[in-house]
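> Quick one: the structure is below, questions incoming.
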Amino acid sequence: MIVADVWQNTPLMVLLFLAGLQSLPQEPLEAATVDGATPWQRFWHIVLPLMRPVIMIALMLRIIDTFRTFDVVWLMTQGGPGGATNLLTVYSYLLAFQAVDFGHAAAVSYIALGMSLFVLGLLYGVPWLIAKRRAI
1 MIVADVWQNT PLMVLLFLAG LQSLPQEPLE AATVDGATPW QRFWHIVLPL
51 MRPVIMIALM LRIIDTFRTF DVVWLMTQGG PGGATNLLTV YSYLLAFQAV
101 DFGHAAAVSY IALGMSLFVL GLLYGVPWLI AKRRAI
């Protein structure tokens, strides 16, 4: 399943990062080269901070995609032997349509929603708080 996920999602991430790298301004990189920065220093102190918005968008898209992997898991293993590849989405499907327990399935789906909102809060809230604290 890892191979299928990589096969499915790598091209989008490559295009995203390539577009982000091509849109970077060249002036800071040229100034760092003139100042004698090594390639590692240029990457760490200039490229990576400028790419942070692209990285955040790519990370959010991948998190959203992990909640959309129901089809790959269901078609390949249907939860696997002993639930080895079971995800919350597969578990919710099994509860709703095989065990006919819609309430429990809805609760599992709300837990998945809560987890994704928590991760979203971490991804966007923590950097915002750090930037706000630096501004003070």
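Note that the working numbering has the sequence shown beginning at 1, numbered continuously upward.
By construction, the Cβ of each residue, glycine as well, lies at the ideal position given by its N, Cα and C atoms.
Going by DSSP in three states, F17 sits in which element: helix, strand or coil?
Sequence index remark: in the sequence shown, residue 17 carries index 17 (1-based). Reduced to three states, the DSSP call for F17 is helix.
> Between the C-alpha atoms of A37 and Q22, what's the straight-line distance to the nearest angstrom?
Translated into positions along the sequence shown, residue 37 becomes position 37. Translated into positions along the sequence shown, residue 22 becomes position 22. Going by the C-alpha atoms only, they are around 20 Å apart.
> So for M1, helix, strand or coil by DSSP?
One-based indexing of the sequence shown puts residue 1 at position 1. M1: coil per DSSP, three-state reduction.
> Looking at G20 and V54, is the spacing between their C-beta atoms short of 8 Å?
Taking the first residue of the sequence shown as position 1, residue 54 is located at position 54. Taking the first residue of the sequence shown as position 1, residue 20 is located at position 20. In contact: V54 and G20 (Cβ atoms closer than 8 Å).
> Given a cut-off of 8 Å, decide if M60 and L123 are closer than it, judged by their beta-carbon atoms.
Position 123 of the sequence shown, counted from the start, is the residue given in the question as residue 123. Position 60 of the sequence shown, counted from the start, is the residue given in the question as residue 60. Yes. Within cutoff.
> DSSP state of V72, grouped into three classes?
Residue 72 sits at position 72 when you count from the first residue of the sequence shown. Correct three-state label for V72: helix.
> What number of angstroms, rounded off, separates the C-alpha of P11 from the C-alpha of L18?
Here residue 11 refers to the residue found at position 11 when the sequence shown is read from its first residue. Here residue 18 refers to the residue found at position 18 when the sequence shown is read from its first residue. In a straight line, the C-alpha of P11 is about 10 Å away from that of L18.
> If you drop the 5 nearest sequence neighbours on each side, which residues of the same chain put their C-beta closer than 7 Å to that of V14?
Translated into positions along the sequence shown, residue 14 becomes position 14. Answer for V14: no residue qualifies.
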